[in-house]
Amino acid sequence: MAHQIAFASMGGVLLAARSQKQYTGGSRAMVVFCATKFREELPLRRFPLDILPPQMPPNRLSPNRRIGPMTPMRAFWTLGLIFLIRGLLSIGLFAQEVAQESHEKSDPAVVSLLAGRCLECHGQSDPAGGLDLTSIGGLQRGSDSGDVLGKTWETSKLWEVIATEQMPPKVKLTDKEKELLGQWVSRGARLPAEPIDRLGISSDYRAGYDWWSLRELAPSPLPIRIGEVQPDIEEGWPVRNMVDSYVLAKLRSNGLKPNPGASPRSLLRRVFNDLIGLPPSFEQIEAFERNPSDEAYGLLVDELLKSPAYGERWGRHWLDVVRFGESDGFERNFPRLHSWPYRDWVIESLNQDMPYDRFVQMQIAGDQMQAGAAGIAAAGFLVSGVHNTVVGSSDRMKRIAVQDELEEKIGTMSQAFLGLTAQCARCHEHKFDPISSESYYRLAASLRGFSHGEREVIDEELERLERGMEIERARVLAQLREFEQGAMKKASAGELSAGELSAGSAIPLPVAAWDFESSGLGLAGAEKSAAQESNGRIFYDTVRGLAGHWRGGQQASRAGLGGGLVLDGRSYLETDPIDFGVEEKTLAAWVKIDPLDQSGGGVLSLQSLDGSVFDAIVYAERESRQWMAGSNGFARSESFGGQRESDPRVHIAIRYRADGTIEAFRNGVLYGRGYRRGLQRFEAGKSQFLFGLRHGPAGGNRWLTGVIYKAVCFDQALSDEAIGELAREPRLGWNLQEAWTKLGESFAKQRQAYRSELERIDRELVDLRASVRKKIYSVVSNAGVGPTKVLLRGDVYQEGAEVRSGGIDSVGGPRGDFGLAADASDAQRRVALAQWITQANRALLARVIVNRVWHYHFGVGIVDTPNDLGFNGARPTHPELLDGLAQAFLEDGMKLKSLHRRIVTSSAYRQSSRPREDGLSKDASNRLLWRYPVRRLDGESARDAMLMIAGVLDRTLGGPGYVDVDYKDTNGTTYYVPKSQEPPECFRRTVYRFNPRCERTSMLDVLDCPDPSATAPKRAMTTTPLQALSLLNSDFVFQMTDALVDRMEDPQQADTTISKLFRSVLLRDPTAEERVQCRQLVAKHGTKALARALWNSSEFLVLD
206 MAHQIAFASM GGVLLAARSQ KQYTGGSRAM VVFCATKFRE ELPLRRFPLD
256 ILPPQMPPNR LSPNRRIGPM TPMRAFWTLG LIFLIRGLLS IGLFAQEVAQ
306 ESHEKSDPAV VSLLAGRCLE CHGQSDPAGG LDLTSIGGLQ RGSDSGDVLG
356 KTWETSKLWE VIATEQMPPK VKLTDKEKEL LGQWVSRGAR LPAEPIDRLG
406 ISSDYRAGYD WWSLRELAPS PLPIRIGEVQ PDIEEGWPVR NMVDSYVLAK
456 LRSNGLKPNP GASPRSLLRR VFNDLIGLPP SFEQIEAFER NPSDEAYGLL
506 VDELLKSPAY GERWGRHWLD VVRFGESDGF ERNFPRLHSW PYRDWVIESL
556 NQDMPYDRFV QMQIAGDQMQ AGAAGIAAAG FLVSGVHNTV VGSSDRMKRI
606 AVQDELEEKI GTMSQAFLGL TAQCARCHEH KFDPISSESY YRLAASLRGF
656 SHGEREVIDE ELERLERGME IERARVLAQL REFEQGAMKK ASAGELSAGE
706 LSAGSAIPLP VAAWDFESSG LGLAGAEKSA AQESNGRIFY DTVRGLAGHW
756 RGGQQASRAG LGGGLVLDGR SYLETDPIDF GVEEKTLAAW VKIDPLDQSG
806 GGVLSLQSLD GSVFDAIVYA ERESRQWMAG SNGFARSESF GGQRESDPRV
856 HIAIRYRADG TIEAFRNGVL YGRGYRRGLQ RFEAGKSQFL FGLRHGPAGG
906 NRWLTGVIYK AVCFDQALSD EAIGELAREP RLGWNLQEAW TKLGESFAKQ
956 RQAYRSELER IDRELVDLRA SVRKKIYSVV SNAGVGPTKV LLRGDVYQEG
1006 AEVRSGGIDS VGGPRGDFGL AADASDAQRR VALAQWITQA NRALLARVIV
1056 NRVWHYHFGV GIVDTPNDLG FNGARPTHPE LLDGLAQAFL EDGMKLKSLH
1106 RRIVTSSAYR QSSRPREDGL SKDASNRLLW RYPVRRLDGE SARDAMLMIA
1156 GVLDRTLGGP GYVDVDYKDT NGTTYYVPKS QEPPECFRRT VYRFNPRCER
1206 TSMLDVLDCP DPSATAPKRA MTTTPLQALS LLNSDFVFQM TDALVDRMED
1256 PQQADTTISK LFRSVLLRDP TAEERVQCRQ LVAKHGTKAL ARALWNSSEF
1306 LVLD
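This is the structure:
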């Protein structure tokens, strides 16, 4: 049997040289020939006889055949046998070399098939059944069950599981794939010596490192020369740039030709909307119709690209991609009142034509790459997504919440910049793209060193102006106090015995004080500008509105009874809006808590008028019988860790320092420990005080049951000494209004003059401080990041190997981590990530943004999945064009405006949208661009156009957004309810809308504006009856209709009014037939009905 096996292994080789002609070359030549062929063909396994060439009958290899006398032929076979035996004895000497050569001999199609269908389970790392199919060594080792090759290929275990469709277990092999593997097994099952990297090879089932979007750019020569006119196409259709060359070549190869150019009106509506999101005027269209030359069009494009409206238009597109929202999402969905600087940074950066790679880097590490507000605002990208503030109490839930948020950040970043869904590798290596779990956790290590928060940025120049104004204010205030002291001394000589003036007190004058104990009238106020002696104190016997300054709005079933403000758990008092601003402050009250076992009630609260932002003295909201500094969403709230309350009657004060430190005092003694959570400014005219309610609107467990005797607010953080003295002195004052009455009119006028000057300075200071100290919702770096470990199967309790900050191997650049130390700071990690993501694979970076820009110009990208250029994404319709544009984009310094110019000046962009039978039959979806695709205006463009046409558009750039919703907190959840009508301050461009999650206005909703809870790389484009109803009957449409008609209607000239409406809305004159129909409509239903009909027309809503 041994010689049968040996000859079977060499049979084909020997027969190849068995002719007498070959043999006569001499035995030495034969040995060399056999040795060479042996080294090339030895399969390292037993071959079945039936694969031998048909020229050799099997019986010639029979071991029972009688051997006769030595003949030349027998000498030939003997020589072969001797050589083979010697070769088998020495096989160990060159088996390694054979294995290395097997890589070259292995079939690439087989390697690709194995990578796509087998290596997910049978890879190097813990292969299923012990069978490693990544290399020849792994295959030879077999599986846990033993040898998988067998004596013959038909009986091998490897072929058996393939032939019987046991493997792969889920999606079965096709007949063609089984045939390929059968041939592979029969030929020796060659595999490379080095293990196959399943992530490195693309197949029909997954992408590898060689996937089309990961390769270097390969722009091909232009198929049609630029400048060449096409005589077979109407109007010549000149090839104006590379866009036209590639598009036209693709059309011709598919038996199609493009449309001729669009009309001047259609083209201008198209390019105005695409570049600035606003319609042209009738006059601009008339001018272009008179001169529609390429030069005139080019100048118009340049003008639009220079417009500030360009950044507003394309900023809105980018905010869709990065899921920018102005609330947290999840159950509580608290508003983010200072996240708008990121939106403004995006708009400004686009208007400045910032190079795209810098634009990307700034959003990852802007706060570390550029000092000041701009860098901090840019990094707002990282915290513009949802943020779970309700994570549960268990350790597992907290860990899961952290990992969920990291996954969301990684997913948004990788899709927005790289067009890859890296988040899919959190629990296992990506099923379709070459992204390992290790790569995912390297990205996680780069992004886990910061938290959501607000950062204060100070403008030094404005700060100097602020200090100057504060000095001026102090001078006027000193004059006022000197005047009041003299006046009060004069009044004190009379009948003001109820007041007490005492020297040496540490207590300054409060901005407001209330005494409910001494009067049955309830709420009253005292002013900071009231009289006090030098180093003295005035106790106020406060009654209703000392100078008419405070007018408490009572909303209680029982309030203001003698002996204190009695609160029954369903009662509270509120003041009118305050006329001063407060930031640093001290709140204090003398109160009786009855019963002690109650939860969440507010004693004294300072809040915004809608209750969305507040600071309050709160009893037992989170911890039984403990005091807390209540705030919106617990933004400035932590446990003081103080003692449980045992005394119903108590003095409680909370001090808010300028550095953000918050401390509580019980009966004048520090309560527990303080903490630092920042300050909230409460603006004049926008804030008020509440008594007996944590914050408005009333509801839930916000009510207090008990009695408030006195309350006071200071606009500074009192010293420990002052708070102690305040707690020991329960009397608040005397009747100043009566005092001023006795002093006479001349004193009152002089006092009012000082107060008016102070109010002027305060108003200017409010505006200045808003600019000096800008709060920005952005990243807040954590002190210590800690190690990052791979979570096996994504389980937060199954930690694997530790990884360091790094990127995705398949994207390119340096493999593995960034070379940072294990304890690298958040700043180092994010700066390294920003540099890697813009340098590792610039071809991929360019392809993604070029395709995204193309998508917004044509309604669909060259790749119809802008966020996914991986395996599950679409394939490019014009790959040469995509690479050509990407190459030009890089050569232009990654300037987006150059890319826009190249696209919108092409003939492909400027062609008509007219349908043709041949185009519809061959390319109904218009993916080859034989015509310009018809598109409906998006919701923002429709609203902005209506505002502009109605003549009420506020073109103010930047700043806090307009708010068209009322929002309120109900049981810890914030609800946003659209206002019934938008006030004039809402008539700004829609990109400046305060944009909370889970809420949209009805018109924007029906026009498919996305919710910012997730990235929206492409919007839905629906057609529904609700759209027509909204555009006819919504409050906003009625408002715009009223404004439009009021501006244009001429009651005496119906035809003139009709022409004005058509020119404004549809940008053309009405036809004769339309004019007759419009006259009839106006006569029967009025001009406003016509205006609403025009708003709702397809001609207004659709770009052709």
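Numbering (this note's numbering), first residue to last: 206 to 1309.
Note that beta-carbon positions come from the ideal geometry of N, C-alpha and C, so glycine has one too.
Three-state class that DSSP yields for residue i in the structure shown
| i | result |
| --- | --- |
| Ile857 | strand |
| Tyr561 | helix |
| Lys980 | strand |
| Ala650 | helix |
| Tyr414 | coil |
| Asp773 | strand |
| Leu1306 | helix |
| Glu634 | coil |
| Tyr1002 | coil |
| Lys375 | coil |
| His657 | strand |
| Met1226 | coil |
Cα-Cα separation, residue i to residue j
| i | j | result |
| --- | --- | --- |
| Gly918 | Lys954 | Inspection of the sequence shows that residue 918 is occupied by Cys rather than by Gly. Rounded to the nearest angstrom, the two C-alpha atoms are 27 Å apart. |
| Gly911 | Gln573 | 51 Å |
| Ile783 | Gly890 | 6 Å |
| Thr1229 | Val1065 | 21 Å |
| Ala606 | Val596 | 6 Å |
| Leu294 | Thr369 | Residue confidence is low: Leu294 scores 44 on pLDDT, short of 50, so the model does not pin down where it sits. No coordinate-derived value is stated. |
| Arg998 | Gly991 | 21 Å |
| Leu1038 | Gly1021 | 12 Å |
| Asn446 | Ala1233 | 40 Å |
| Trp389 | Ala1051 | 40 Å |
| Asn1131 | His543 | 43 Å |
| Ser644 | Val1058 | 28 Å |
| Val591 | Asp1069 | 26 Å |
| Arg933 | Gln921 | 19 Å |
| Asn1200 | Asn1056 | 27 Å |
| Gln1040 | Gly351 | 50 Å |
Buried versus exposed, by CB contacts within 10 Å (16 or more), residue i
| i | result |
| --- | --- |
| Lys455 | buried |
| Pro853 | exposed |
| Arg660 | buried |
| Gln371 | exposed |
| Cys629 | buried |
| Ile1108 | buried |
| Gln194 | Not covered by the structure: residue 194. The range shown for the chain is 206 to 1309. |
| Met1226 | exposed |
| Glu399 | exposed |
Candidates the options: closest to residue i by CA position
| i | options | result |
| --- | --- | --- |
| Gln1285 | Ala1259, Trp550, Glu661, Tyr451 | Ala1259 |
| Ser1235 | Leu1162, Ala1147, Ala1219, Ala1248 | Ala1147 |
| Gln893 | Val716, Ala869, Asp549, Gly1017 | Val716 |
| Lys1102 | Leu319, Arg518, Ile569, Ala630 | Arg518 |
| Leu1237 | Lys1293, Arg1194, Val444, Pro560 | Lys1293 |
| Arg1080 | Gln568, Ile406, Trp416, Val995 | Trp416 |
| Arg1267 | Gln1244, Ala1298, Val1242, Phe1241 | Here residue 1267 is Phe; the residue named in the question, Arg, does not match the sequence. Answer by Cα proximity: Ala1298. |
| Gly904 | Asn1176, Arg528, Asp409 | Asn1176 |
| Thr1206 | Pro1222, Tyr1181, Pro1188 | Tyr1181 |
| Gly929 | Gly873, Ser961, Tyr914 | Gly873 |
Distance cut-off 7 Å: residue i Cβ against heavy atoms of the ligand HEM
| i | result |
| --- | --- |
| Thr360 | With respect to the ligand HEM, the structure offers nothing, as it holds no ligand at all. |
Worksheet item: Which runs of the alpha helix (DSSP H), 4 residues or longer, sit entirely within the region 1121–1204?
Response: Those alpha helix (DSSP H) runs which fall completely within the region 1121–1204 and span 4+ residues are 1122–1127, 1144–1155.
Worksheet entry | Entirely enclosed beta strand (DSSP E) segments - the region 859–902, minimum 3 residues | Listed in chain order, the complete beta strand (DSSP E) runs (minimum 3 residues) inside the region 859–902 are 866–871, 874–881, 892–896.
Worksheet item: At what residue ranges does the region 501–562 contain a whole run of the alpha helix (DSSP H), taking only runs of 4 or more?
Response: Runs of the alpha helix (DSSP H) lying entirely within the region 501–562, each at least 4 residues long, are 513–526, 545–556 in chain order.
Discussion item. If we require 4 or more residues per run, which alpha helix (DSSP H) segments fall completely within the region 343–367?
Written reply: Complete alpha helix (DSSP H) runs here, min 4: none at all.
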